[in-house]
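Structure first, then comments.
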Amino acid sequence: MLKFMRNKLVGIEKIAPDEILVHGILDDDIYSLEIDLRVSLSDLRIISIEGRWKRWTTPECPRAIEPLKEAVGLCIAESGLYEKIRKEIGKKSCRHFANLLIECCDTVKNAKGFIEKEQEKLVRPQEKINIEDVFPSCPKEEGTLIDLHVHTYPASSCASNSIEEQIEAAKSVGLDAICITDHNYIWDKQSIERLIDKHGFLVLRGTEITTDQGDILVFGLNKIPAKKGLISAMELREIVKEEGALMIAAHPFRGFLISDVQSLGLTPEKASKRELFKLVDAVEVLNGRVNASENIFTKKVSDICDLPGTGGSDAHETSEIGIYATYFQEKISTEKELIEALKSKAYFACILKRRTK
Amino acid sequence: MYQILRFSRIKHIRVEECDNGLLMSICYLKDNVQEIEAKLLVEPPELEIKSIEVISREGKECWQKMPERQFYPLLKSRIGPGIFKMIKSHIRESQISFILEECCRGIILSFTKQDLLSSPRPEDDEEAIKYYAEMVKENVRLYGRCAAFSKGSRIVKDIEATKNA
């Protein structure tokens, strides 16, 4: 049977190059109190202290707050400190505040070396990545510039604009065509043909299928594979093969590099070993919803795997259309020609600068 | 306000009554560099220490049990006056001695809690002052032990007056 419980929590923040803020909480069946301590990191001297009661026993317990100030100037590294705190702070203030103060000091002692070591890791120079040094701008030559990754509403519930609005946006930024790749949805051929006629702009069909190995862009399918639950990339490969279609790994490292992935030890060499890259025909190396370092990382992986790279905006609204695209050397005007061009590998991902025709 | 914690520590102390009537006091500490657990078995009513067990580890290391012989001098000691001094004099490692003190303090506080729960503590401020003033008078060793029971406090006003008379 539980007769008594006490919990203490100490957290340390670095608030200035040489200053830490120590926040201590003591909460038990009888008392509840807090301490905020500012400490100089270099000499471990207490700069300031503030105490707060949350729960106490006698009407005079609040008198314990004022004498806590006597801890200012104490050096946490000095020998006999805990005894000093017990005798001086404990008697003049309260032994429970003294107990929490000792806990805070003990934590600081342990933390000093740890924080300094961690700091050394944090200050390592960050490589400045410029995406334009890695990927080309779209060429001026005659070829076909296609945004291979576009979503529309309501086919993709996460998108904001209709297909007609996306087409008009694509025309205005100078693309030659867009591929509509709604999530697990394929537009019917007739609807697309009507839109092509109406807007005088090439619209191609694709889809973005969620698999056990992430999202995969598929081109050349006429219907979504019937499968209850999540389809595996391997199963999709089989279907794609039968239909003569193609699979492209969409944003395979999205979100992986937003934090310090180096500490995870993920290298392009390790990442290239993923099963996914044995199943796809290409890798989306430029995705508009992925940051520069993630796109560059993906490019390195695709190079190691010897897979061609595509570019697409992954636009969910008109303002995102065409930020990145894929440049095909051949003229493309039909879905069949797109599949052939993708199979020929005569294309590359590029950064689209707004262009006028 | 916008800072991320660089270091954190949690310490948990609990006292449980075992089926055989012994009291078990456990203190567990975990922070970014270490993890320690101490277990003290105490026999009421003398509150005699029957056994002490301490395990610890640093970082990714495996748990290490501290040699029991280190704690032999404390076995059969009573959790009562002088126990903290005894712990300090026998256990050189300050971290471990502090943790064992916490176990003992937990035992003491478990009885304080019982006392407080069973005593008719008044809610009214003035009545509470009288109640605690009586308590200090009956236990004079409490006088001067903390801010609430020291000079200037309403609780010890009468004791002060008697002393000055």
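Protein chains in written order, with this note's numbering: chain A, 1 to 357; chain B, 1 to 165.
By construction, the Cβ of each residue, glycine as well, lies at the ideal position given by its N, Cα and C atoms.
Q: Could you pull out every residue in the same chain whose Cβ sits closer than 8 Å to the Cβ of A/Ile167, ignoring the five residues on either side in sequence?
A: Counting from one through the first sequence, the residue named residue 167 of chain A turns up at place 167. The residues are Ile178, Leu195, His199, Phe201, Val203.
Q) Should A/Ile231 be labelled buried (16 or more other beta-carbon atoms within 10 Å of its own) or exposed? A) Against the first sequence, residue 231 of chain A aligns to sequence position 231. Buried is the call here.
Q: May I have the straight-line CA-CA distance separating A/Ile186 from B/Arg57, to the nearest angstrom?
A: Your numbering for residue 186 of chain A matches position 186 in the first sequence. Your numbering for residue 57 of chain B matches position 57 in the second sequence. Taking the straight line joining both Cα atoms gives about 57 Å.
Q. Shortest alpha-carbon distance to A/Asp306 belongs to which of A/Ser293, A/Gly312, A/Pro268?
A. Here residue 306 of chain A is taken as the residue at index 306 of the first sequence, counted from 1. That would be A/Pro268, whose Cα lies nearest to the Cα of A/Asp306.
Q.
Which same chain residues end up closer than 8 Å to B/Pro73 when comparing Cβ atoms and leaving out the 5 residues on each side of it in sequence?
A. Residue mapping note: residue 73 of chain B aligns to position 73 of the second sequence, counting from 1. Hits under 8 Å: Met86, His90.
Q) Hey, quick one: how far does the beta strand (DSSP E) through A/Ala249 stretch, first residue to last? A) Taking the first residue of the first sequence as 1, we reach residue 249 of chain A at position 249. Unbroken beta strand (DSSP E) run through A/Ala249: 246-249.
Q) Cα separation between A/Ala155 and A/Thr207? A) To locate residue 155 of chain A, count along the first sequence from 1; it is residue 155. To locate residue 207 of chain A, count along the first sequence from 1; it is residue 207. For A/Ala155 and A/Thr207, the gap between their C-alpha atoms comes out near 11 Å.
Q: Select from the region 5-35 of chain A all residues with a C-beta closer than 8 Å to any C-beta belonging to chain B, and list them in chain order.
A: Per Cβ criterion, the list reads Met5, Arg6, Asn7, Lys8, Leu9, Val10, Gly11, Ile12, Glu13, Lys14, Ile15, Ile20, Leu21, Asp28, Asp29, Ile30.
(Q) Please tell me whether A/Leu26 and A/Glu13 are closer than 8 Å, where the distance is taken between their beta carbons. (A) Start at 1 with the first residue of the first sequence, and residue 26 of chain A comes out as number 26. Start at 1 with the first residue of the first sequence, and residue 13 of chain A comes out as number 13. Not in contact: A/Leu26 and A/Glu13 (Cβ atoms no closer than 8 Å).
Q.
Taking the straight line between their C-alpha atoms, what separation do you get for B/Leu22 and B/Pro44?
A. Within the second sequence, numbered from 1, the residue matching residue 22 of chain B stands at position 22. Within the second sequence, numbered from 1, the residue matching residue 44 of chain B stands at position 44. Whole-angstrom Cα-Cα distance: 7 Å.
(Q) Extract the residue ranges of the beta strand (DSSP E) inside the region 160-192 of chain A, only unbroken runs of 3 or more that lie entirely within it. (A) 177-180
(Q) With a threshold of 6 Å on Cβ separation, who are the neighbours of A/Cys94 within its own chain once the five nearest residues in sequence on each side are excluded? (A) Locating residue 94 of chain A in the first sequence gives position 94, where the first residue counts as 1. Once the five neighbours on either side are set aside, the close Cβ partners of A/Cys94 are Ala64.
Q: Between the Cα of B/Glu68 and those of B/Cys62, B/Gly80, B/Glu61, B/Ile55, spot the shortest distance and give me the residue it belongs to.
A: By 1-based counting over the second sequence, the position of residue 68 of chain B is 68. It is B/Ile55 whose Cα lies nearest to the Cα of B/Glu68.
Q | Burial state of B/Gln64, where buried means 16 or more other Cβ atoms lie within 10 Å | A | Here residue 64 of chain B is taken as the residue at index 64 of the second sequence, counted from 1. The residue in question, B/Gln64, is exposed, as its Cβ has fewer than 16 Cβ neighbours within 10 Å.
Q: Mark A/Leu286 as exposed unless 16 or more other C-beta atoms lie within 10 angstroms of its C-beta, in which case mark it buried.
A: Translated into positions along the first sequence, residue 286 of chain A becomes position 286. Buried, since its Cβ has 16 or more Cβ neighbours within 10 Å.
Q: Would you check if the region 316-333 of chain A and the region 143-150 of chain A touch, i.e. whether three or more CB-CB distances between them fall below 8 Å?
A: yes
Q) Taking C-beta to C-beta, are B/Arg6 and A/Ile115 nearer than 8 Å? A) Residue numbering aside, residue 6 of chain B sits at position 6 when the second sequence is read from its first letter. Residue numbering aside, residue 115 of chain A sits at position 115 when the first sequence is read from its first letter. In contact: B/Arg6 and A/Ile115 (Cβ atoms closer than 8 Å).
Q: Could you tell me if B/Val140 is buried or exposed, where buried requires 16 or more neighbouring beta carbons within 10 angstroms of its beta carbon?
A: Counting from 1 along the second sequence, the entry for residue 140 of chain B is found at position 140. B/Val140 should be labelled exposed.
Q: Run the CB neighbour count on A/Ala233, radius 10 Å, all protein chains shown included, and call it buried at 16 or more, exposed below.
A: Residue mapping note: residue 233 of chain A aligns to position 233 of the first sequence, counting from 1. Buried.
Q) Of all the residues that make up the region 97-111 of chain A, which are near chain B by a beta-carbon distance shorter than 8 Å? A) Asn99, Ile102, Glu103, Asp106, Thr107, Asn110, Ala111
**Q.** Rounded Cβ spacing between A/Leu101 and A/Ile85 (contact assumed at less than 8 Å)
**A.** What you label residue 101 of chain A is simply residue 101 of the first sequence in a count that begins at 1. What you label residue 85 of chain A is simply residue 85 of the first sequence in a count that begins at 1. Rounded, the Cβ-Cβ distance is 6 Å, consistent with contact.
Q) Identify the residues that DSSP records as bridge partners of B/Gln34: which are they? A) Taking the second sequence and counting its residues from 1, the one referred to as residue 34 of chain B is at position 34. B/Gln34 pairs with B/Glu58.
Q) Between B/Arg14 and B/Gly106, is the Cβ-Cβ spacing less than 8 Å? A) Position 14 of the second sequence, counted from the first residue, corresponds to residue 14 of chain B. Position 106 of the second sequence, counted from the first residue, corresponds to residue 106 of chain B. Yes, these two residues count as a Cβ contact at 8 Å.
Q | Contact with chain A by B/Lys11, beta-carbon distance below 8 Å | A | For the purposes of this step, residue 11 of chain B is taken as residue 11 along the second sequence, with counting starting at 1. Taking Cβ atoms only, chain A reaches closer than 8 Å to B/Lys11, which makes this a yes.
Q.
Check whether the region 268-284 of chain A and the region 238-248 of chain A touch, using three or more Cβ-Cβ pairs below 8 Å as the test.
A. yes
Q. Among A/His183, A/Arg205, A/Lys3, which has the Cα closest to the Cα of A/Ser191?
A. Taking the first residue of the first sequence as position 1, residue 191 of chain A is located at position 191. The shortest C-alpha separation from A/Ser191 is found at A/Arg205.
Q: Mind checking the region 77-95 of chain B against chain A and listing, in chain order, the residues whose C-beta falls within less than 9 Å of any C-beta there?
A: For the region 77-95 of chain B, which is checked against every Cβ of chain A, the residues closer than 9 Å are Phe84, Lys88, Ser94, Gln95.
Q. When the distance is taken between beta carbons, is B/Ile155 closer than 8 Å to A/Glu60?
A. As a first step, residue 60 of chain A is located in the first sequence; it is residue number 60 there, counting from the start. As a first step, residue 155 of chain B is located in the second sequence; it is residue number 155 there, counting from the start. Yes. Within cutoff.
Q) Is the beta carbon of A/Arg254 sitting closer than 8 Å to the one on A/Glu294? A) Here the question's residue 254 of chain A lines up with position 254 in the first sequence. Here the question's residue 294 of chain A lines up with position 294 in the first sequence. The answer is yes: Cβ separation under 8 Å.
**Q.** Proximity winner among A/Trp53, A/Gly90, A/Glu340, relative to A/Ala370 (alpha-carbon distances)
**A.** As shown, chain A starts at 1 and ends at 357. That puts residue 370 of chain A outside it, with no answer to give.
**Q.** Contact set between A/Glu118 and chain B, taken where Cβ atoms lie within less than 7 Å
**A.** Walking along the first sequence from the start, residue 118 of chain A turns up at place 118. The contacting residues are Arg6.
Q: Report the residue ranges of all beta strand (DSSP E) runs contained in full by the region 190-225 of chain A; include only those spanning at least 3 residues, in chain order.
A: 202-205, 207-211, 214-219
Q: Could you pull out every residue in the same chain whose Cβ sits closer than 7 Å to the Cβ of B/Glu127, ignoring the five residues on either side in sequence?
A: Residue 127 of chain B sits at position 127 when you count from the first residue of the second sequence. There are no such residues.
Q: With B/Ala133 as the anchor, note down where its alpha helix (DSSP H) starts and where it stops.
A: Residue 133 of chain B sits at position 133 when you count from the first residue of the second sequence. Element bounds for B/Ala133: 125-138.
**Q.** Through-space distance from A/Lys117 to A/Thr310, alpha-carbon basis
**A.** By 1-based counting over the first sequence, the position of residue 310 of chain A is 310. By 1-based counting over the first sequence, the position of residue 117 of chain A is 117. Straight through space, the alpha carbons of A/Lys117 and A/Thr310 are spaced by roughly 42 Å.
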